[in-house]
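> The following block contains the structure, expressed as structure tokens.
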Amino acid sequence: MRKKRFILFDKIVFWLITLMTLMPSFLSAYTAIDVLAAEIGTVQTTLPMDDGTASATGTVNGSGTAVDWVVTVTKFDSEDERAPKLELEYSSGLGTPYNISTNVQQINRTDIGAVTVLKGYTYSTAAETLTMSFTTDITDHYAETVSIKMLVSTLSEDESGTVNIFESGNARTLSLVNPIAQAEAEAAAQAEAEAAAQAEAEAAAQAEAEAAAQAEAEAAAQAEAEAAAQAKAEAAAQAEAEAAAQAEAEAVSQSEANVESTVESLESSKLIVVDELPEQETELDSVAEPVSLEGIANDPIIPVPSTVALLFGKSTLAFVMDVGLALAATAYSDTIQVNKTALRNLGCRTYEVTLTITGIPPLKPVDVVLVLDRSGSMSESAGQYSRLYYAKQAAINFAGLVLTGPNAIPGSRVAVVSFSGPQTVTGYGNQSNATQNLGFSTSVTSITNTINGLTASGGTNTQAGFIQAGTTLAGANADSNKVVIMFTDGIPTASNGNQYGPSEPTVHNVHTIAAYTAGQALHTSARIFTIGLLQNMPTNVRTLAIDTLTKAQNAGFYEAPSAQDLQTIFASISQQLNYSALNAVVTDVVGNNFNLVESSLPAGAVYNATTRTITWSPGTIITNAQLKYTVQSKPEFEGGLAYTNESATLNYTNVNGVANQTKTFPKPQVNVPTRLSVSLTDATILLGDSIQLAIGNDPASQNYMSPITGGDGNGTYTYAWYVDGSDTVISTAENPSVSATVDTKYKLIVTDSSGCKAIAYMWIRVETGSLTIRKENESGTVITDNPATFTLTKNSTATTQATAANGFAEFTGLTRGTYTLQETVAPTGYIADPTIYTVTVGLSTTGVVEVTVTKPGTPNAVTVPSNPLVIKNAVDKMDIPVMKTWNDNNNSLQTRPSSITVNIYQNYQEGDLPYDTIVITPDVNGVWSGVFENIPKFESPNELYIYTIEEVGVDKYTAVVNSSENGFTITNTLNVGSLAILKVDKSDPTKNLAGAIFELRNVDDSIVKDIDGNEVRGTTDSNGQITWANIPYGTYQLVEIQAPDGFNLLDEDIEVVIDADHTHVSKTIENVPVKELPATGGMGTTVFTLVGLAIMIGSGFVYKKKK
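Given below as structure tokens:
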């Protein structure tokens, strides 16, 4: 019975210790979780969103190895164009998302660092709901929970490429119980329970057998002996416990004293001591990264980790003893194995290819150098305590896991290096900024005390930290794995030999380059992990810090969302100290019958489309690495058995450091369904017609769609019609109606239920009618360079065309129907054809356009040839009237001829003959007029003939020709002049003689009359003058019929000529005075009088005869 009680007591103690050990880790593990699964295997929650609503559901799938997620994002209406966005950060036990599907046709995926961004493909101001489904594999088989961080928001096109998940307060972490770890824990618990039951049963059986075999006396003696032994054991255990407690108390007391002393010193002085300026106080403004006393004031001393430690979320307990072994070089087995599978995936002829690399890390000792930032910014508050406190806590716990944890490897050691930088903003960095605080050690107590003793001040000389780490590595065991873990909370602000600053650079400078170059210098001798606590940094500074730490590492970069997350990160790294392979690189050549779905390729793998090669660099293999991607058979591949890849090879360095080891992956073969296929035939329509596509029933005829074959769907299809070259769907009907106006190529995409697509094309040829007109003159010659205009009218819509220089006009693009055609403007110089033609456009049964032209006829319309339609024009002629007027006092002198002759000339040039001649006579009313008939108007299309008329001369008249729109007018004016006479005394020419009578006589001795009919006869006035006007042209005799008193008559008549050269004639006529006759001594005056009269009579006769 007593032995049984001891067994029961042992179990109670065991479980109490387990509970005490697990509880702090359990609480710590879940403090960073926003949403924990409400039940095992499922998590469901709403997600905060500033301009919409969102929800997420995660469910462990049936295999228990992955989580299926559904995230719904509803975007509200917005003023600017935005798209919904989901950011995913999945570093806590879950792999990259795959099998991504949405409720929209397209979604954009971008991998930025360790973040995957899924967003809507289009930007819009309208409200929109985006539902995304995807799967993440469970990659951590030990953590009790696995989680993913999500941030939902919207973004504009300008904001594309940005990541906000690390800064936004709307980011949420969703966690689920890890079914793999749970299964392992349950199996372990079951095994432990079975072992305990077995042990108990064996003990009971043993006790029963011993009781039966021993005599009662021996039983009493045996009991006494057991009691003594038990007492001895308890005493030994008690002594050991007291010694351990004493040692721990002393260590804690010492550490507390150190910290208290430091704090008290800082609080009392309130001064910063500067190494470069001893015995001087430094103004706070000149301090590089001042120490925050408020941040470190409450930091407690961190105790030495218990020897009963938690292996990063796995509830396995172990009691470990420090051992010191002189390890010799060991050759370890290469456990790397490779496998490759290809499984049908959602989508048309699509397969998910999985490459898996597995290995079992050997129990190889590890020498780890912890490089810890102790710059002034580490003193800043990070919650309850300072950043430095949480970094110490994480580093101390890490050392406990590596040296005394359940999976600790004998011979492993940890060294501590710390670094800061110049104490002032004018100081220079140097190697003394870094210190080896503790060489390689197996003592958790020493490591704890060393780390607890670190204090914060100064700038950040990361280069010095890396260089010191390299110096410390010189003391590492040759057969150990070498690891450097660099932790910092900022960006390098100093480097060896260079002055401090700037404190917030945005581009690489001498300090950042020196830092990552120093880290890269260690790549050949150790695995370098970098950890950044980059809170509250400006985005561009943080980006530079991440780039610096990423360049420095060769084993992994971790960004801590908060100081409290450092313990989780350090614990995670503790799981990666041993490995199965290094420098792992996989080259995978995609099969010739497949295309890579490039969006399925996760970060860390790149694809060369030219060589069709995927290069995946998993680098260090701990226990496993996996690459998943999707391939789709090429559209032209008919189907059947095919390899998804040509070859896939792993190249790596094994655990013994031997490089260029290779493993060849198997080549999965899949049976690809035949491709989906459909075909179409072309069709012809007339402009203005519509057609229902693909309804023909004759494969050899027009507008036919073949039966759909192939694919791997269930026989249901969707249709999408496009105009070829456009991404806009014009119809989703199987047989839509279209009304093409030009020859149009249509594209049909048929999609089956699995997403297979078949593409077919068909032309809709759009024919139109045309009408060609040839313009001719009456003789059949084409009228060129002289346009005529025609009007073609249909349904009150008129179109005009003019003949070109060649004499032809063409109407094109005619649609089905009836038109009227009329010549509206004739060629210049021609008369328009008055005929109104009827034009009919149609399509024959054979698809040929027919254009028919008719013109009015008796009794029916007459069809006229229309290829081309000939329309003739008569020359445009005119009648030119000529009016004749006379200006001759109504012919009072009877001077008009009985007719006149008029000539007309075209474009008269001297010497030209008349174009036409007419003779004009007066009509019964005495009107003189005539007409030149059918006279052409135009010499050329742009030039009229210039017509000139000429009247054949009419005696005694002057003709004046005037032209107007109504023709020509010829005015004939009787030619007249004037005659002036001055009568003077011959003996005294200055003496003017009055009283002389003169007559102007024609050749027939008749008295001349002026144009008014008055006789030209007169007597000189007192001035001796007579003036006659309006005397018709002619040659006359001026006769003096009576001389002035006392003067003799003129002996002879005077000839007077009035013509164009003598229109105003003046005559000075002298008279001789009469001599007085004697009155006596003779016959007297009577005789002389009779004689004179006789002479006068004789003279008159002679004159008449002469005339």
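Here the sequence shown is numbered in our numbering, starting from 3 and rising by one per residue.
We put the CB at the ideal spot given by N, CA and C, even for glycine.
Quantities reported herein were computed from a predicted structural model and do not represent experimental measurements.
Please state whether DSSP places I710 in a helix, a strand or coil.
To locate residue 710, count along the sequence shown from 1; it is residue 708. If DSSP states are grouped into helix, strand and coil, I710 belongs with coil.
> Confirm, please, whether the CB-CB distance from A565 to L393 is below 9 Å.
Locating residue 393 in the sequence shown gives position 391, counting from the first residue. Locating residue 565 in the sequence shown gives position 563, counting from the first residue. Per the sequence shown, residue 393 should be read as Ala rather than Leu. Their beta carbons are under 9 Å apart, which means A393 touches A565 by this criterion.
> Quick one: what's C51 bridged to in DSSP?
Position 49 of the sequence shown holds residue 51. According to the sequence provided, residue 51 is Met. The question's Cys does not apply to it. According to DSSP, which records beta bridges pairwise, M51 is partnered with nothing at all.
> Tell me the residue span of the beta strand (DSSP E) that contains Q663.
Indexing the sequence shown from 1 puts residue 663 at position 661. Following the DSSP letters along the chain, one finds Q663 inside the beta strand (DSSP E) bounded by residues 663 to 666.
> If you follow the beta strand (DSSP E) that H1066 is part of, which residue opens it and which one closes it?
Translated into the one-based positions of the sequence shown, residue 1066 becomes position 1064. It spans 1066 to 1073 - the beta strand (DSSP E) in which H1066 sits, taken as one unbroken run.
> Between the alpha carbons of V62 and L345, how many angstroms are there, rounded?
If you number the sequence shown from 1, residue 62 lands on position 60. If you number the sequence shown from 1, residue 345 lands on position 343. When rounded, the distance between both Cα atoms is 20 Å.
> Put R677 into one of helix, strand or coil per three-state DSSP.
As a working note, residue 677 is residue 675 in the sequence shown. Correct three-state label for R677: coil.
> When the distance is taken between beta carbons, is G831 closer than 9 Å to P916?
As a first step, residue 916 must be located in the sequence shown, where it is residue number 914. As a first step, residue 831 must be located in the sequence shown, where it is residue number 829. No, they are not a contact pair.
> Counting Cβ pairs, one atom from each stretch, are 3 or more of them under 8 Å apart for the stretch 759 to 775 and the stretch 861 to 881?
With the cut-off at 8 Å, the stretch 759 to 775 and the stretch 861 to 881 touch.
> Name the residue from S966, T865, R614, E648 whose alpha carbon lies nearest to the alpha carbon of T666.
Here residue 666 corresponds to residue number 664 of the sequence shown, with the count starting at 1. Closest by alpha carbon: E648.
> Taking the DSSP output, what are the residues bridged to I697?
Position 695 of the sequence shown, counted from the start, is the residue given in the question as residue 697. DSSP lists no partner for I697.
> Inspect the beta-carbon positions of V588 and I338 and report whether they are closer than 9 Å.
Here residue 588 corresponds to residue number 586 of the sequence shown, with the count starting at 1. Here residue 338 corresponds to residue number 336 of the sequence shown, with the count starting at 1. No.
> L995 and F1049 look like a contact to me (Cβ under 8 Å); what is the Cβ gap, rounded to whole Å?
Locating residue 995 in the sequence shown gives position 993, where the first residue counts as 1. Locating residue 1049 in the sequence shown gives position 1047, where the first residue counts as 1. Contact holds; Cβ gap of about 7 Å.
> Would you be able to state if there are at least three C-beta pairs under 8 Å between the stretch 466 to 486 and the stretch 528 to 546?
yes
> Please state the DSSP three-state secondary structure of L845.
Walking along the sequence shown from the start, residue 845 turns up at place 843. L845 falls in the strand class under three-state DSSP.
> Measure the Cβ-Cβ separation of R614 and L629 and say whether it is below 9 Å.
If you number the sequence shown from 1, residue 614 lands on position 612. If you number the sequence shown from 1, residue 629 lands on position 627. No, these two residues do not count as a Cβ contact at 9 Å.
> Between the Cα of G979 and the Cα atoms of G782, P829, V1058, which residue gives the shortest distance?
Translated into the one-based positions of the sequence shown, residue 979 becomes position 977. Measuring from the Cα of G979, the nearest candidate turns out to be V1058.
> How is V404 classed by DSSP in three states: helix, strand or coil?
Residue 404 sits at position 402 when you count from the first residue of the sequence shown. If DSSP states are grouped into helix, strand and coil, V404 belongs with the helices.
> Is there contact here, the stretch 838 to 845 with the stretch 735 to 753, by at least three beta-carbon pairs under 8 Å?
no
> How far does the alpha helix (DSSP H) with Y518 in it extend, from its first residue to its last?
The sequence position of residue 518 within the sequence shown is 516, counting from 1. 512 to 522 is the span of the alpha helix (DSSP H), which, as asked, contains Y518.
> How do the stretch 805 to 814 and the stretch 786 to 797 stand: do at least 3 beta-carbon pairs fall below 8 Å, yes or no?
Yes: at least three Cβ pairs fall under 8 Å.
> Can you tell me whether G378 is helix, strand or coil according to DSSP?
Within the sequence shown, residue 378 is the residue found at index 376, counting from 1. Looking at G378 - three-state DSSP - the assignment turns out to be helix.
> Would you report the Cα separation of V370 and V416, rounded to the nearest angstrom?
Counted from its first residue, the sequence shown places residue 370 at position 368. Counted from its first residue, the sequence shown places residue 416 at position 414. Taking the straight line joining both Cα atoms gives about 5 Å.
> When DSSP labels each residue in this structure, what does G467 get in the three-state scheme?
For the purposes of this step, residue 467 is identified with residue 465 of the sequence shown, where counting begins at 1. Reduced to three states, the DSSP call for G467 is helix.
> So S755 and T718 are supposed to be a Cβ contact under 8 Å. How far apart are they, rounded?
Within the sequence shown, the letter at position 753 stands for residue 755. Within the sequence shown, the letter at position 716 stands for residue 718. Correct: roughly 5 Å between the Cβ atoms.
> Look up Q578 in the DSSP assignment and say whether it is helix, strand or coil.
Residue numbering aside, residue 578 sits at position 576 when the sequence shown is read from its first letter. Q578: coil per DSSP, three-state reduction.
> Give me, in chain order, the residues of the same chain whose beta-carbon lies closer than 8 Å to that of L2; leave out the 5 immediate sequence neighbours on both sides.
The structure shown does not extend to residue 2, since the chain is modelled only from 3 to 1109, so the question has no answer here.
> Confirm, please, whether the CB-CB distance from E89 to V45 is below 9 Å.
Locating residue 45 in the sequence shown gives position 43, where the first residue counts as 1. Locating residue 89 in the sequence shown gives position 87, where the first residue counts as 1. Cβ distance not < 9 Å, so V45 and E89 don't count as in contact.
> In this structure, how does DSSP classify S601 when only helix, strand and coil are distinguished?
Here residue 601 corresponds to residue number 599 of the sequence shown, with the count starting at 1. Looking at S601 - three-state DSSP - the assignment turns out to be helix.
> So, with DSSP's three-state summary, where would you put I775?
Looking up residue 775 in the sequence shown gives position 773. Note: I775 maps to strand in three-state DSSP.
> Note the first and the last residue of the continuous alpha helix (DSSP H) segment covering R544.
Taking the first residue of the sequence shown as position 1, residue 544 is located at position 542. Element bounds for R544: 541 to 554.
> Which residue or residues does DSSP assign as beta-bridge partners of I114?
Looking up residue 114 in the sequence shown gives position 112. Paired residues: V117.
> Can you list, in chain order, the residues of its chain whose CB lies under 6 Å from that of G492, leaving out five sequence neighbours each side?
In the sequence shown, the residue the question calls residue 492 occupies position 490. So the qualifying residues of the chain are S379, T462.
> DSSP has I922 in a bridge; who is on the other side?
Position 920 of the sequence shown, counted from the first residue, corresponds to residue 922. Per DSSP, I902.
> Once the 5 residues before and after V731 are set aside, which same chain residues still bring their CB inside 8 Å of it?
Position 729 of the sequence shown, counted from the first residue, corresponds to residue 731. Within the same chain, V731 has close Cβ partners A722, W723, Y724.
> Look up F940 in the DSSP assignment and say whether it is helix, strand or coil.
Here residue 940 refers to the residue found at position 938 of the sequence shown. F940: strand per DSSP, three-state reduction.
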